[in-house]
Amino acid sequence: MEHKLLATLITGRTIEQGVGKEKGKGSEEYFDSCAVCFFDKSDMLSLGIKNGSTVRVTSKYGSVIVKAKKYRWGTTPGMVFMPCGSWANVVCGDETYSMGMPLYKGFPVEIEPAPDQPVLTLEKLLLQQFGRNSA
């Protein structure tokens, strides 16, 4: 039986993402800190996923594979968090609703386990999304 979670996505900056960015967007630290989605423990249980499992996050704008991590700062059932970065940008879209800035917080996503899918490196993600790499 395939499990899916309908959730509200919030994106934002994290210390780990900032440290990774300082080391370079091509660094392992940046990849490990940005190509992730944080979940409430109860949502992970309902999806049948474990910390470090791969999941597909889909919005009306796009879909991306990232690693699932347990949200460690409290309980947030029905809400997931992705650090700002290229992986989150795939699902955020570019609509600005006349505000000049895309939505980065509070929009619906569907999440499902993706155990056999790899998380794309930044180079491969940019190639997939835009037909070119970062060079």
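Plus 8 on top of the position in the sequence shown (first one is 1) and you've got our numbering.
Note that beta-carbon positions come from the ideal geometry of N, C-alpha and C, so glycine has one too.
Reduced DSSP category for residue i - H, G, I as helix; E, B as strand; rest coil
i	result
L4	Outside the shown range of the chain (9 to 143) lies residue 4, about which nothing can therefore be said.
Q137	helix
C45	strand
A96	helix
G26	helix
E103	coil
S61	coil
K12	coil
S35	coil
Paired residues, beta bridge with residue i - DSSP
i	result
S144	What is shown of the chain runs 9 to 143, which leaves residue 144 out entirely.
K77	F46
F115	L17
W89	Here the sequence assigns Phe to residue 89, which means Trp is not the residue at that position. Paired residues: I18 and F46.
P123	Paired residues: none, contrary to the question.
Exposure of residue i, with buried meaning 16 or more beta-carbon neighbours within 10 Å
i	result
F138	exposed
L17	buried
M107	exposed
G93	buried
Proximity test, residue i beta-carbon vs the ligand FAD heavy atom, cut-off 6 Å
i	result
S94	As presented, the structure is devoid of all ligands, the ligand FAD included, so that no description of it is given.
Contact with chain E by residue i, beta-carbon distance below 7 Å
i	result
K33	No chain E appears in the structure shown, which is made up of a single protein chain.
Should the segment 36-44 be called in touch with the segment 105-124, which here means at least 3 C-beta pairs below 8 Å?
no
Between the segment 63-74 and the segment 92-107, can you find at least three pairs of beta-carbon atoms closer than 8 Å?
yes
Does the contact criterion of 3 or more C-beta pairs under 8 Å hold for the segment 48-55 versus the segment 25-36?
no
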